[in-house]
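2 protein chains.
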Amino acid sequence: MLDAAARLARERFAPHWKIGDVEEPRLVDGRVVLPAAVREAVHAYRDAGFCALGADAADGGLQLPYSVVLLCDAQLLAANASTAGYLLLARGVANLLGAFASPAQQARYRQPLLEGRFLGTMCLSEPQAGSSLADISTRAEPMVDGRYRISGQKMWISGGEHELAENIIHLVLAKIPGGPPGVRGISLFIVPRQRIGDDGGVGAGNDVRLAGLNHKLGQRGIVNTFLKFGEAGDCIGELVGPPHQGLAQMFHMMNEARIGVGMGAVMMGLAGYAYSRDYARERRQGRQPDQKDPASPPVPIIEHADVRRMLLRQKCLVEGALALAMYAARQVDQLAASPDASERENAGLRLDLLTPVVKAWSARWCTEANDLAIQVLGGYGYTREYPVEQLWRDNRLNPIHEGSNGIQAIDLLGRKAMAQDGAALRAMLAVVRETLAATAADDALRPHADTLGALLGRIEIVTGVARAAMGRGDARLALANASSYMDLLGHALVGWTWLRQAQVSAAALKRTPGRDADLHRGKLAACDFFFRHELPRVGHDADLLEALDDSTLRMAPGDF
Amino acid sequence: MLDAAARLARERFAPHWKIGDVEEPRLVDGRVVLPAAVREAVHAYRDAGFCALGADAADGGLQLPYSVVLLCDAQLLAANASTAGYLLLARGVANLLGAFASPAQQARYRQPLLEGRFLGTMCLSEPQAGSSLADISTRAEPMVDGRYRISGQKMWISGGEHELAENIIHLVLAKIPGGPPGVRGISLFIVPRQRIGDDGGVGAGNDVRLAGLNHKLGQRGIVNTFLKFGEAGDCIGELVGPPHQGLAQMFHMMNEARIGVGMGAVMMGLAGYAYSRDYARERRQGRQPDQKDPASPPVPIIEHADVRRMLLRQKCLVEGALALAMYAARQVDQLAASPDASERENAGLRLDLLTPVVKAWSARWCTEANDLAIQVLGGYGYTREYPVEQLWRDNRLNPIHEGSNGIQAIDLLGRKAMAQDGAALRAMLAVVRETLAATAADDALRPHADTLGALLGRIEIVTGVARAAMGRGDARLALANASSYMDLLGHALVGWTWLRQAQVSAAALKRTPGRDADLHRGKLAACDFFFRHELPRVGHDADLLEALDDSTLRMAPGDF
C-alpha cells in the first residue's frame, strides 16, 4: 500500500498541485467548477482501494494500522494536500459514523463513503463563532418521524460543494431547542447534500445552499465554502447517537484529524527542504569568505555557511516533527490494539498529550521551514515558477485550522498537562527518560541527553507552577503563556526524537559502516544542530512560564 | 509635504494596492500592460512635486532632509509598495547621476527624472549571478565616439519595461574588456530605453529587449523583468565617471536604498499591526478561561492573552524597527549637513553599522509581524478578502532583495563591525550607553537598562572573538554564525529604541497626565514586553557566537 500510495501521489496528485492553485474553484451558474485532474485523482484513489484502508475487514476495509494509513496519507499530502483533503475528510466522516451511527445509518451513509461513491465534510464553525463552538446557533428541530429540521449557517467548510462524487455527507453540529446551554447542548447530525431513498438511491436535493466561496492564500485546490442549511425550511438531518453528545463525538475524531494536520505540515516542510537542498547542491554562486580570487569558479551555494544553516534548520525541524507524528500514530495503534491494558492506558495518555503538539508545533515550525526554503532559493524562490512559495502559502493554513495554534496551546497546558494530576505528562516523560538512560554509554550523545534531562526538570517545574496558579483560581495567569509551553514541550519532544534518531544512526554506522552512511551522518549532524542551535531557544520560554509572566494581561485594550 | 504624502497615499496609492496584486503586469503584443491606476498614481506623485523632494534647490528640488523624505516615502510604502517602487527607483537613479554623472549627462538624463518625465532602474543582477556581482558577464565595448556598446542579460529588474513615462533610464553594471577581474572591473553605464537626441528629445529604441516577466509571490504590482541588452548589437550606453568605479558608485546609493527597504518592511508590518489590532477590538469570540457561563456574551478577542501576545509582539517589533530606521535616516542627514566634522564622522560610522541592520532585521522581523497579523484574524486572515495575507506576501520580498539577509549579516559582522578596529560599533554603542546612563533615576526602566548593558558587553566580547578568528585567517569560522550576530545586534539596538521611547512616554505622562495617555501607556507596556519576551531570545545567539560554533561548517554537502 505504501508503494501504491507513492505511485498515486506521483502520477495522480502531484501533477495538478500547481494547477489547483492557479485554476481556483469557481462558481459557474451556481456550480463549483474544479480542474478535471481533481476528479481523476479522486477516482484513481478509489480505484486503487484507498477509501477503506483502515476500516474493519467486515466492512470491506483493509484494517491497516493507523501508522501505516498515516504514511499513505503523508505521501498524498506531500504531493497535493488540497486534493488529498477531499478524501481525508470523507474518511473522517466514515470513521465517525463507524463509531456512533446506527446500523441503518451506516448502511445508508457510511458504506458508500467506504466505497468511494460519496464524499463528506465536517461542519463545525459558523461565521460568528469560528473557534467557539459554545456559541454556534445552528438549530435542529425534531420532526414527528424522529428526524430533524436543520437551519443555520456554516463557515470554512472544506469540500462543501462540488460534483466529485454522487453525494456529499455533511456532519453538522447543531443545537436541539431546550437542550443545555453551551457545548453541552451540541448534537451531531448527518445532513446529506442529496437525500437517500429507502432503497439507498441518491434522491432530491436537501436544502443545503452554497452561499459563497472563500478565496484563500493557499490550499486553493480544495474548495472552501460558506453553506446555508434550511433557508427554505426543508433541510432534513438525522441525529447521530443520543442528543447533546455532539462535541464528545466530534472529539473522538480529533486526535487523528489533528495528527493528520500535523503530518500535512511536516510533509510540506519536507518537500520544501528536499527542493531547496537539491537546488543548493546545483546552484553555483559566490565564494567562501577566504576565497578572494575572482577567477576561481563560484561554489555551489550549499558550501555557504548560512545556506547550510537554513538547510540544517529545515532538516531538524521537519524530520524531527515527522518522527514525533509517527510516534503519536503508533500510540493510536497501541491504544486500539495492544493486548496489555496498562499499555493501552499509557498509550492513550501519551496520545492525549502529543496530539496538540503534533498539530500546533509541526504547523508552526514546518511553515517556518518553508520560509527558509524560499530564502535558500533567493529571488527564484520568490517566483511562482518554483514550488517553495506555494508550499509556504499552503502550509500557512495549518496553524489556523483544526483548532488554531493558540487554542492548541491552551488545550495542552490547561487540559492535557493538568488532567489526572499530570498523568499524561508523566507517561510521556517516562519514555523520554528511558531514551536518556540509554545514551549513558555514548560520549557524543550524553551531553545532549544531559541538556534534555535538565529541560525535562524545568518542564515539570513550570507545569507545577501553572497547576498551583490554577489551584488558586487564577486560570488566566496560569494560561497566559500557554504558547510558550507549546514551544517548550514541543522542542523538548522533538529533541527526544533526535536523540532516538541519532542512537539508531550511530548504531547503524558501527554495524554496517558503508551502508547509507550519508543518511546516518546527516542524522547525527542534524541531532547536534538541534541541540546546539534550536533547543536552547526555549530556555527563555521556561523562564516566562516559571515567572508566571503577566505582560499580556496587564496591557489595556485601548493602549495598543 | 508629510500631509501631502499622506493624502497622496490615501487617495492615489492605497486604492489600487489590491488591484495591482490581482491584475498582475502582463505582456500584450510585447507591451507591458498595467492597471490604469498605476499611471494615475505616478502622475499624481509628479504633479504634487514629489520627484525632487531631496534634490538641491539649484536643480529644482525641495532640498528636504533625508529623514523627512523617508517619512514621505514611508506613507507611500504603507499604502502601495509596488507603485511606490517605480518612483523610488527613479529617485535612486537621479541621486546616483547627481553624484557621479557629467553635467551633460545630468542635463540629458537626470533633469527629466527630477521632473518626473522619465523613470529608471538599477540593473545589477544577472541570471547566473544573483548576489555575486564579481561574476557578472555583461560587457561594454568602447566605441570610437567615447560611448559603449553594451551586451548582456540582467535579471530581477523592477520597473524594467512599461509605458508609465517617456523613457526609462537603466543604470547598468558591466565590464569593459581588459579591466581588472572581479568587482574591481565593474563600471556603471547609463542605458536609456529610448535614445536621447542632442536636443534632449526622446528618440528611437536602444536595443534593450524585454525577454520575460517574473511572476512573484507578492509585490506583484511592480513589473519585474528579465532584460537582454544588445542582442542586435545596437545597445549604446554612456559610462558614468571613470571606468571600473561601478561598484563604489552603486554602493554610494546603498545606504539609502537599504534603509528604504527596511522602511518598506516596517510600514507593511505597521499596516498589519494596525489592521489586526482594530479587528481584535471588534471581533467577539470565546470567553476567558475562568468564564464558564456559556450564556455570558463572548468577549472581544483582544481580551485573550494569546491575542494580546501576538499584538504586543507585532507592536514591539514594528514600532521598534521604525524608530531605528528613523535614527539611521537622521545619521544620513548629519553625515551630509552637520557643521561639526567629528559629528559627521561619527554619523557616518553609525550609519555604516546601522544600514544592514535596518534592512535585514526589519525585513525579517516585520515579515514575522505580518505572520502574527494573519494569525490574529484566523480563518479570515487566510482569505484574500482581508489585507493581511497580501502584506505578508509583499513583505516576504524584503529579506531577499537589495542584498539578501544572509549577505547583510556577513556585511555587518565581517565588514562593518570589523572596519577601523571596530570604530562603527564603538560609535553606536556609545550612544546606547548614553541612554542607559540616563535611566539611572528611573526605577521602572533601570532593570531593562541593566539587561541591555550586560548584552552590550556580550556583543563586544563576541565581536572580539570574531575579530580574533579573522586575525587567525579563519574567516569562515568567524562568519559562520553571522546571522546570529545580526539578530543579536538588531535586538539590542531595537531594545535601545524601546528604552528611548519609554523615557519619552514616561516623561510625557508625568508632564501632561491626560494627554495621549493611551499612546504613552502603550509604549511603556511594549517596552516591558520587548525586554521580557523578545530580547532574551538572542542570549542564545551570543552563546553560539562566543563559542564559534562550527555546526554548519562540519556538515558535508552529501549528508543533508
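Chains as they are written, first to last, in our numbering: chain W, 1 to 560; chain Z, 561 to 1120. Glycine included, C-beta positions come from ideal geometry on N, C-alpha and C.
Own chain partners of residue i with C-beta closer than 6 Å, once the 5 adjacent residues on each side are dropped
i	result
D487/W	V538 and D541
L509/W	H520
L1015/Z	A1052
L1159/Z	This structure gives no information on residue 1159/Z, because the portion of chain Z shown stretches from 561 to 1120.
R818/Z	T915, K919 and E962
R769/Z	K788 and E791
R549/Z	Here chain Z comprises residues numbered 561 to 1120, so residue 549/Z is not present and cannot be evaluated.
W921/Z	G1050
G320/W	V494, T497 and W498
E161/W	V32, L210 and T225
Contacts around residue i, its chain only, beta-carbon distance under 8 Å, and the 5 residues preceding and following it disregarded
i	result
D971/Z	P916 and G963
G286/W	P298, V299, I301 and H304
S691/Z	S685, G963, S964 and I967
C235/W	R149, I150, S151, V191, N206, D207, V208 and F229
L957/Z	K776, L777, G778 and Q779
Residue i versus residue j - alpha carbon distance
i	j	result
Y279/W	A129/W	44 Å
A506/W	P447/W	15 Å
N955/Z	D443/W	45 Å
P869/Z	T552/W	Reading off the sequence, residue 869/Z comes out as Arg, not Pro. About 6 Å.
I461/W	E945/Z	44 Å
P217/W	V582/Z	Note that residue 217/W corresponds to Leu in the displayed sequence, not to Pro. If you take the alpha carbons of L217/W and V582/Z, they lie about 12 Å apart.
G422/W	N774/Z	54 Å
L2/W	Q503/W	26 Å
F749/Z	R699/Z	11 Å
D1119/Z	D306/W	16 Å
P399/W	R364/W	6 Å
Y382/W	V431/W	42 Å
H804/Z	L733/Z	10 Å
L62/W	G49/W	9 Å
A57/W	A90/W	18 Å
L377/W	R837/Z	33 Å
L724/Z	G806/Z	28 Å
Bounding residues of the beta strand (DSSP E) (the contiguous stretch that carries residue i)
i	result
E141/W	R139 to P142
H170/W	N167 to K175
F678/Z	F678 to C683
L455/W	First-last for L455/W: R446 to G471, but that is the alpha helix (DSSP H), not the beta strand (DSSP E).
I796/Z	I796 to L799
Q754/Z	Q754 to I756
M155/W	Y148 to S158
R31/W	R31 to V33
L586/Z	In the sequence as displayed, the identity of residue 586/Z is Arg instead of Leu. Looking at the DSSP string, the run of the beta strand (DSSP E) that includes R586/Z is R586 to V588.
Contacting residues, own chain, Cβ-Cβ under 7 Å from residue i (five flanking each side not counted)
i	result
V318/W	V266, G269, L270, Y273, C366 and A369
L335/W	R344, A347, G348 and L351
D371/W	W392
L648/Z	D633 and G820
P177/W	R139 and E141
R476/W	L553
Bounding residues of the alpha helix (DSSP H) (the contiguous stretch that carries residue i)
i	result
S67/W	Y66 to F100
Take every Cβ of the stretch 594-610 of chain Z, pair it with every Cβ of the stretch 561-571 of chain Z, and state whether three or more of those distances are shorter than 8 Å. yes
Please list, in chain order, the residues of the stretch 626-638 of chain Z that have any C-beta partner in chain W closer than 7 Å. none
Would you list, in chain order, the members of the stretch 1059-1078 of chain Z that have their beta-carbon closer than 7 Å to a beta-carbon of chain W? D1078
Can you list, in chain order, the residues of the stretch 150-178 of chain W whose Cβ is nearer than 9 Å to any Cβ on chain Z? M155 and W156
Members of the stretch 1008-1031 of chain Z that neighbour chain W once the beta carbon cut-off is set at 7 Å: none
Contact residues within the stretch 962-989 of chain Z, judged by C-beta distance below 9 Å to chain W: S964, N965, G966, I967, A969, I970 and G974
Residues, ordered as in the chain, of the stretch 1085-1102 of chain Z that lie near chain W by beta-carbon distance below 8 Å: A1085, D1088, F1089, R1092, H1093, P1096, R1097, G1099 and H1100
Near-chain Z residues of the stretch 281-298 of chain W - C-beta to any C-beta below 7 Å: R281, Q285, G286, Q288, P289, D290, P294, A295 and P298
Check whether the stretch 117-126 of chain W touches the stretch 161-173 of chain W, taking contact to mean three or more Cβ pairs, one atom from each stretch, closer than 8 Å. yes
Beta carbons nearer than 9 Å to chain W: which residues of the stretch 572-585 of chain Z have them? none
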